[in-house]
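Novice:
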Amino acid sequence: MWMAKKNHPPASGTVGFADSYMEAKAARLDLGLAYVPEELITDDLAQGTLIRVLQRYSQRLEGSFLYYPHRNVSPALRAVIDTLRM
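Here the sequence shown is numbered in the UniProt record's numbering, starting from 1 and rising by one per residue.
1. Where does the unbroken alpha helix (DSSP H) through Leu77 begin, and where does it stop?
2. Thinking C-alpha only, which one of Val73, Thr42, Pro37, Thr14 is nearest Gly63?
3. With distance defined between alpha-carbon atoms, name the residue in Tyr35, Tyr68, Gln47, Arg28 nearest to Gln59.
4. For Leu66, name the three-state secondary structure that DSSP assigns.
5. Are Ser20 and Leu40 close, meaning C-beta to C-beta below 7 angstroms?
6. Taking 7 angstroms as the cut-off, decide whether the C-beta atoms of Leu45 and Ala27 are in contact.
7. Please report the residue range of the alpha helix (DSSP H) in which Gln59 lies.
8. Which first and last residues belong to the alpha helix (DSSP H) in which Asp43 is found?
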């Protein structure tokens, strides 16, 4: 992580993550807000390490979703998909 030298203006900007675990870690490091699944931060919420903000605007997403990019799926992947549908 880059650290600003003394007597310099603070760094600013936007950071984005494609990984919810890294986004939660950044929130723990006080780097800003995070929109992550609650299961990743249950302990943090209980301990007060993280707090909920903008709760009125958040929504609970139910279920897991699996996307595969091709029509022709390998037999192994088809078995996984069929198992997850149960």
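C-beta: ideal position from N, C-alpha, C; glycine also.
Specialist: Looking at the coordinates:
1. Its alpha helix (DSSP H) spans residues 75 to 85.
2. When only C-alpha atoms are compared, the closest one is Pro37.
3. The shortest Cα separation from Gln59 among Tyr35, Tyr68, Gln47, Arg28 belongs to Tyr35.
4. DSSP places Leu66 in coil when its eight states are reduced to three.
5. It is a contact, given that the beta carbons lie within the stated cut-off.
6. No.
7. Going by DSSP, Gln59 is part of no alpha helix (DSSP H) at all; its letter is neither H nor E.
8. That run of the alpha helix (DSSP H) goes 42 to 47.
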